[in-house]
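According to the numbering used here, the residues represented by the sequence shown are 365 to 540, in order.
One structure is given here, and the rest of the page talks about it.
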Amino acid sequence: MKGNDPRPCRGLSTLPPGFAYRILDRSGERMSDGHLTPILPDGMACFEAGDRQLVLMRNHEIHIGPAADQALAYDPQRGGGVTRLVLDKQSGALVSSNLVLTGTSRNCAGGPSPWGWLSCEEIDEPGHGYVFLCDPSSSTLQPPQILPDLGRFKHEAAAVDVLQQVTYLTKTTHEV
365 MKGNDPRPCR GLSTLPPGFA YRILDRSGER MSDGHLTPIL PDGMACFEAG DRQLVLMRNH
425 EIHIGPAADQ ALAYDPQRGG GVTRLVLDKQ SGALVSSNLV LTGTSRNCAG GPSPWGWLSC
485 EEIDEPGHGY VFLCDPSSST LQPPQILPDL GRFKHEAAAV DVLQQVTYLT KTTHEV
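Printed below as a string of structure tokens:
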């Protein structure tokens with residue numbers, strides 16, 4: 365299904381019987397905040413947003429820029445970042461969409477946390493390779509919030525163990 369259109373999409377994916385999918389947006393389409401939906405969606409997680417809505421936080425694994433908004437970009441030469449999709453919990457319909465983070469590079473898997481979405485840069489070039497905290501309740505682009513205590517390397521994913529008060533991070537490597 366595309367957006368709020370209940371008709372099934374044919375030929376984009378093969379699913380087992382009883383499963384269905386819905387296209388919420390497409391790269392290049394304008395989001396509610398006026399920015400274009402970036403290419404290369406990657407890691408994502410869903411957050412509760414009250415009784416009637418869900419928020420899908422989604423990374424975009426773009427390496428080279430330019431950033432969508434130069435003023436709030438972490439690095440104006442990089443086009444990676446995070447988008448936020450607000451969904452109606454009952455119908456799954458898209459309510460609104462916006463950019464939350466821009467100017468990062470190769471935002472990969474990331475992970476949910478009690479504090480928000482952890483967006484991981486899968487790169488260790490100078491000035492990059494960080495984990496950024498993104499607020500699922502933010503309906504506008506936010507200044508980047510780096511979590512320097514989580515290190516600087518080719519981050520893949522993050523998982524938070526609240527009981528043990530530990531954040532686990534994975535690293536991308538091609539070493540054998």
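A virtual CB, placed ideally from N, CA and C, is assigned to each residue, including glycine.
Please read all numbers here as calculations on a predicted model, not as lab measurements.
- With at least 16 other beta carbons inside 10 angstroms of its own, arginine 442 counts as buried.
- In the DSSP assignment, serine 477 is bridged to Gly480.
- Between methionine 421 and valine 459, the C-beta gap is not smaller than 8 Å, which leaves the two residues out of contact.
- One alpha carbon belongs to lysine 535, the other to serine 469, and they sit about 15 Å apart.
- The beta carbon of phenylalanine 517 is closer than 6 Å to those of Asp488, Gly493 and Lys535 in its chain, skipping five residues each way along the sequence.
- The secondary-structure analysis by DSSP pairs histidine 424 across a beta bridge with Pro405 and Gly445.
- Taking the Cβ atoms as the reference, glycine 474 lies roughly 5 Å from serine 483, within the contact range of under 8 Å.
- Out of Pro380, Thr378, Ser396 and Gly392, the CA that lies nearest to the CA of leucine 505 is found in Ser396.
- When secondary structure is reduced to three states using DSSP, leucine 511 falls in the coil class, being assigned neither helix nor strand.
- Counting only the Cα atoms, threonine 466 lies some 15 Å from aspartate 406.
- According to the DSSP assignment, cysteine 498 belongs to the beta strand (DSSP E) that extends over 495–498.
- Exposed is the label assigned to leucine 400, since fewer than 16 other Cβ atoms lie within 10 Å of its Cβ.
- Setting aside the 5 residues that flank it on each side, aspartate 525 is surrounded in the same chain by Thr531 and Tyr532, each with a C-beta closer than 8 Å to its C-beta; the list follows chain order.
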